[in-house]
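Undergrad:
Numbering (the working numbering), first residue to last: 4 to 195.
Below, the structure written as structure tokens:
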């Protein structure tokens, strides 16, 4: 089967566009989190944006290798307005769709059509997207429950600016070392 006529070509285009747009959405979401004083959440959005950029690069590499010329595709992509909680809800939903439905199906089709390298890329990235969903869900739970900067037990909190470590039920209102506000503290050892 010729690549340009394959469903895999269309799926790679959709995945490339989707990952590229997710990168930008997460970068925008980081700005929203930052304005709400949630520097730790912003940093996770930015880290995930870099992951999505790499996913886009991997999909693009397959396209560049297999596509003899420009390909055309149409698809729908989300546009989300709102606060950090809204951004996290949208991120959870998008990541879930990628790992649980889209990428496994795209991998199956790529295998059927004989594009095994492409199938493996979809399978591996699907696993990463599951981790992204889980991380965003944990963050959303903390934002919704008001536990971003406090816990029910003593934990260690690290200032993301100077590295100061604080032990307590809550992050301090300001870092005693560099004076950055509470939003610059992240929990130490929690999986995000």
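No residue lacks a Cβ here, since even glycine has one placed at the ideal position from N, Cα and C.
Cutting at 7 Å between CB atoms, please list the residues of its own chain near residue 42, excluding the five before and the five after it.
TA: By 1-based counting over the chain shown, the position of residue 42 is 39. The residues are 163, 186 and 187.
Undergrad: How would you write the range of the alpha helix (DSSP H) that residue 48 sits in, first residue to last?
TA: Here residue 48 refers to the residue found at position 45 when the chain shown is read from its first residue. Counting along the chain, the alpha helix (DSSP H) containing residue 48 begins and ends at 42-69.
Undergrad: Please determine if the stretch 108-119 and the stretch 41-60 are in contact, where contact requires at least 3 C-beta pairs separated by less than 8 Å.
TA: At 8 Å Cβ cutoff, the stretches do not touch.
Undergrad: What does DSSP give as the partner residue(s) for residue 113 in the beta ladder?
TA: Locating residue 113 in the chain shown gives position 110, counting from the first residue. Looking at the DSSP assignment, residue 113 forms no beta bridge with any residue, so it has no partner.
Undergrad: For residue 83 and residue 126, I'd like the C-alpha separation in whole angstroms.
TA: The residue labelled residue 83 in the question sits at position 80 within the chain shown. The residue labelled residue 126 in the question sits at position 123 within the chain shown. Going by the C-alpha atoms only, they are around 27 Å apart.
Undergrad: I'd like to know whether the C-beta atoms of residue 124 and residue 61 end up nearer to each other than 8 Å.
TA: If you number the chain shown from 1, residue 124 lands on position 121. If you number the chain shown from 1, residue 61 lands on position 58. Cβ atoms of residue 124 and residue 61: closer than 8 Å.
Undergrad: Which of the three DSSP states, helix, strand or coil, is assigned to residue 176?
TA: Numbered from 1 along the chain shown, position 173 holds the residue referred to as residue 176. Coil, per DSSP.
Undergrad: Give every residue of the same chain whose Cβ lies closer than 6 Å to the Cβ of residue 159, excluding the five residues on either side of it in the sequence, and list them in chain order.
TA: Position 156 of the chain shown, counted from the first residue, corresponds to residue 159. These residues qualify, in order along the chain: 168, 170 and 191.
Undergrad: If you draw a straight line from the C-alpha of residue 51 to the C-alpha of residue 37, how long is it?
TA: Counting from 1 along the chain shown, the entry for residue 51 is found at position 48. Counting from 1 along the chain shown, the entry for residue 37 is found at position 34. Near 15 Å, if we compare the C-alpha coordinates of residue 37 and residue 51.
Undergrad: Under 8 Å, with one C-beta from each stretch per pair, do the stretch 54-68 and the stretch 13-31 reach the 3-pair mark?
TA: A contact exists between the stretch 54-68 and the stretch 13-31.
Undergrad: Which whole-angstrom value describes the C-beta separation of residue 20 and residue 78, a residue pair presumed to lie in contact below a C-beta threshold of 8 Å?
TA: Within the chain shown, numbered from 1, the residue matching residue 20 stands at position 17. Within the chain shown, numbered from 1, the residue matching residue 78 stands at position 75. That pair is a contact at about 7 Å.
Undergrad: Check whether the stretch 103-112 and the stretch 63-77 are in contact - that is, three or more C-beta pairs closer than 8 Å.
TA: In short, these stretches do not touch, since the Cβ pair count stays below three.
Undergrad: Could you have a look at residue 2 and say whether DSSP puts it in helix, strand or coil?
TA: Here the chain covers residues 4 to 195 and nothing more, so residue 2 does not appear.
Undergrad: With DSSP collapsed to three states, give me the class of residue 155.
TA: Within the chain shown, residue 155 is the residue found at index 152, counting from 1. Of the three classes helix, strand and coil, the one that applies to residue 155 here is strand, per DSSP.
Undergrad: Ends of the alpha helix (DSSP H) at residue 17?
TA: As a working note, residue 17 is residue 14 in the chain shown. Looking at the DSSP string, the run of the alpha helix (DSSP H) that includes residue 17 is 10-38.
Undergrad: Assign residue 181 to buried or exposed, taking buried as 16 or more other Cβ atoms, counted over all protein chains shown, within 10 Å of its Cβ.
TA: Reading the chain shown from its first residue, position 178 is the one you call residue 181. Flag for residue 181 reads exposed.
Undergrad: Return the bridge partner residues of residue 169 from the DSSP annotation.
TA: As a position in the chain shown, residue 169 is number 166, starting the count at 1. Per DSSP, 160.
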